[in-house]
Amino acid sequence: MNMWIVLVLAALAAGASAQTCSCDTMKWATCDGNPCGCYLMIGDNVKQPLNCSSLIPKCFLMKAEMYRAKKGLDTRTVGGKPVETAFVDNDGIYDPDCENDGKFRAKQCNNTDECWCVNSAGVRRTDKGDKTLTCDKLVETFWIRLQLTHKPVTGKVDASKLKVAIADAIHKRYSSFKKDMVDEVKYDSDARLIVVDVKKPKGDRKTDLTHMAYYMEKDVKVLPLFKDQKKFEPSVDGNKLEMENILVYYVDEEAPTFTMKNLSGGIIAVIVVVVLAVVAGLLVLFFAKRRESQRYNKAQQREMDAM
Ligand SMILES: *[C@@H]1O[C@H](CO)[C@@H](O)[C@H](O)[C@H]1NC(C)=O
Ligand SMILES: *[C@@H]1O[C@H](CO)[C@@H](O)[C@H](O)[C@H]1NC(C)=O
Numbered sequence: 002m003n004m005w006i007v008l009v010l011a012a013l014a015a016g017a018s019a020q021t022c023s024c025d026t027m028k029w030a031t032c033d034g035n036p037c038g039c040y041l042m043i044g045d046n047v048k049q050p051l052n053c054s055s056l057i058p059k060c061f062l063m064k065a066e067m068y069r070a071k072k073g074l075d076t077r078t079v080g081g082k083p084v085e086t087a088f089v090d091n092d093g094i095y096d097p098d099c100e101n102d103g104k105f106r107a108k109q110c111n112n113t114d115e116c117w118c119v120n121s122a123g124v125r126r127t128d129k130g131d132k133t134l135t136c137d138k139l140v141e142t143f144w145i146r147l148q149l150t151h152k153p154v155t156g157k158v159d160a161s162k163l164k165v166a167i168a169d170a171i172h173k174r175y176s177s178f179k180k181d182m183v184d185e186v187k188y189d190s191d192a193r194l195i196v197v198d199v200k201k202p203k204g205d206r207k208t209d210l211t212h213m214a215y216y217m218e219k220d221v222k223v224l225p226l227f228k229d230q231k232k233f234e235p236s237v238d239g240n241k242l243e244m245e246n247i248l249v250y251y252v253d254e255e256a257p258t259f260t261m262k263n264l265s266g267g268i269i270a271v272i273v274v275v276v277l278a279v280v281a282g283l284l285v286l287f288f289a290k291r292r293e294s295q296r297y298n299k300a301q302q303r304e305m306d307a308m
């Protein structure tokens with residue numbers, strides 16, 4: 002009799018542990034065993050073991066996406082919204098070479114004879130060359146600008162509360178990402194534009210900004226990588242801000258070395274790597290211009306009304 006109870010309990014326990022053996026941070030992961038282990042297919046018969054307690058390195062994710070695309074497997078969310086065509090394609094997807102710990106190799110060739118150097122986000126930062134190209138090290142991205150556009154909301158968004166709201170939402174959704182790395186948040190209510198600067202001290206190798214940015218990019222593009230298919234939705238005064246577009250700028254510890262000529266082509270549509278000083282200048286200019294044109298529009302409106 003006791004034997005049966007033990008067996009039933011054991012079966013229940015096994016069932017319960019099987020249920021919890023899953024990977025919250027990667028919806029394509031396969032998990033099994035006791036203790037529970039999860040892996041991701043990143044090539045033919047190549048299983049990458051995962052640590053599902055943290056965000057999965059972008060290099061592994063890109064490999065998995067390329068593998069799935071090659072196999073004709075779904076890379077989208079089943080039943081999710083199709084991607085709106087208006088989205089800027091800043092994926093720059095290729096089949097990357099990864100280090101064992103998930104970092105990008107400094108030199109990438111996408112299985113071809115054409116190679117280039119990337120930063121820690123896997124984004125190209127040099128001109129393309131042939132196989133003889135050398136990249137002496139992986140240059141770290143220490144500053145990321147997330148340029149988000151939110152969907153229209155009823156009422157006004159309190160800009161002064163935006164920074165805390167964004168930092169909270171990032172912390173909650175992206176594996177307890179450190180709030181104090183959210184350095185600055187600027188808001189343009191007319192354009193529904195939120196500019197979020199995420200920064201770490203130069204030389205810091207403990208925190209990685211690029212994984213969080215990649216997960217957010219996928220969330221906003223309605224293709225979440227998480228097992229749960231929630232959104233990145235900061236809340237200001239109980240008002241949820243749903244995002245509809247994202248553009249990611251990378252600032253590396255060393256300026257990129259590509260020539261402007263090559264920049265004008267396809268890269269514009271992909272991700273732009275901007276030099277530190279230029280970024281600051283452009284933002285100031287952008288907001289100044291916008292304010293100016295608003296003032297101008299209002300003045301014009303008044304003139305029209307007068308007539
Ligand atoms: C998995 O990630 C967590 C959170 O970052 C970390 O504390 C833990 O040491 C990692 N486990 C392994 C096996 O690397
Ligand atoms: C990498 O190669 C694949 C085809 O194998 C191609 O679709 C993709 O555009 C390439 N990516 C880059 C950045 O060259």
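Numbering (this note's numbering), first residue to last: 2 to 308. C-beta atoms are modelled at their ideal positions from N, C-alpha and C, and glycine is treated no differently. In this text, all values refer to a predicted model and were calculated from it rather than measured experimentally.
Count the other C-beta atoms from every protein chain shown that fall within 10 angstroms of the C-beta of residue i, then say buried if there are 16 or more, exposed otherwise.
{"i": "L56", "result": "buried"}
{"i": "A289", "result": "exposed"}
{"i": "P225", "result": "buried"}
{"i": "T21", "result": "exposed"}
{"i": "V158", "result": "buried"}
{"i": "T26", "result": "buried"}
{"i": "L283", "result": "exposed"}
{"i": "P58", "result": "buried"}
Taking only the alpha-carbon atoms, compute the straight-line gap between residue i and residue j and give it to the nearest angstrom.
{"i": "D220", "j": "M63", "result": "15 Å"}
{"i": "C118", "j": "V124", "result": "8 Å"}
{"i": "F178", "j": "S236", "result": "17 Å"}
{"i": "K207", "j": "G156", "result": "40 Å"}
{"i": "T260", "j": "C60", "result": "25 Å"}
{"i": "D184", "j": "K222", "result": "24 Å"}
{"i": "K203", "j": "T258", "result": "19 Å"}
{"i": "D114", "j": "E66", "result": "21 Å"}
{"i": "V140", "j": "A70", "result": "28 Å"}
{"i": "Q49", "j": "A166", "result": "35 Å"}
{"i": "Y188", "j": "Q109", "result": "36 Å"}
{"i": "Y215", "j": "E100", "result": "18 Å"}
{"i": "R292", "j": "L210", "result": "31 Å"}
{"i": "C116", "j": "T135", "result": "9 Å"}
{"i": "D205", "j": "K72", "result": "38 Å"}
{"i": "Y68", "j": "L286", "result": "42 Å"}
{"i": "V274", "j": "I94", "result": "Unreliable placement is indicated for V274, whose pLDDT of 48 sits below 50; the coordinate value is still reported in the next sentence. If you take the alpha carbons of V274 and I94, they lie about 15 Å apart."}
{"i": "S54", "j": "Q230", "result": "17 Å"}
{"i": "D310", "j": "Y175", "result": "The displayed coordinates of the chain run from 2 to 308. Any statement about residue 310 would go beyond what the structure contains."}
{"i": "L74", "j": "V47", "result": "16 Å"}
{"i": "E255", "j": "L51", "result": "31 Å"}
{"i": "K28", "j": "S190", "result": "34 Å"}
{"i": "G130", "j": "D33", "result": "43 Å"}
{"i": "V199", "j": "K173", "result": "15 Å"}
{"i": "L102", "j": "W144", "result": "Position check: residue 102 holds Asp in this sequence, whereas Leu was assumed. Each residue's Cα considered, the two are about 22 Å apart."}
{"i": "R106", "j": "A160", "result": "40 Å"}
{"i": "Q148", "j": "L242", "result": "14 Å"}
{"i": "K164", "j": "D98", "result": "36 Å"}
Checking 8 Å against the spacing of the C-beta atoms, do residue i and residue j come in under that value?
{"i": "Y250", "j": "R146", "result": "yes"}
{"i": "K104", "j": "S121", "result": "yes"}
{"i": "N240", "j": "V154", "result": "yes"}
{"i": "D253", "j": "T150", "result": "no"}
{"i": "M244", "j": "F233", "result": "yes"}
{"i": "N112", "j": "D128", "result": "no"}
{"i": "E218", "j": "I171", "result": "no"}
{"i": "A168", "j": "K180", "result": "yes"}
{"i": "D238", "j": "K162", "result": "yes"}
{"i": "M182", "j": "K201", "result": "yes"}
{"i": "A30", "j": "C37", "result": "no"}
Using DSSP bridges, identify the partner residues of residue i.
{"i": "H151", "result": "M244"}
{"i": "R1", "result": "Residue 1 cannot be examined here, being either before or after the span of the chain that is shown, 2 to 308."}
{"i": "V186", "result": "V197"}
{"i": "D229", "result": "None, per the DSSP bridge assignment."}
{"i": "P50", "result": "Y40"}
{"i": "G130", "result": "C116"}
{"i": "C99", "result": "F105"}
{"i": "C32", "result": "C39"}
{"i": "V140", "result": "N120"}
{"i": "S317", "result": "There is simply no residue 317 to check, as the chain begins at 2 and stops at 308 in what is shown."}
{"i": "R125", "result": "V119"}
The segment 30-48 contacting the segment 186-200, beta-carbon criterion three pairs below 8 Å: no
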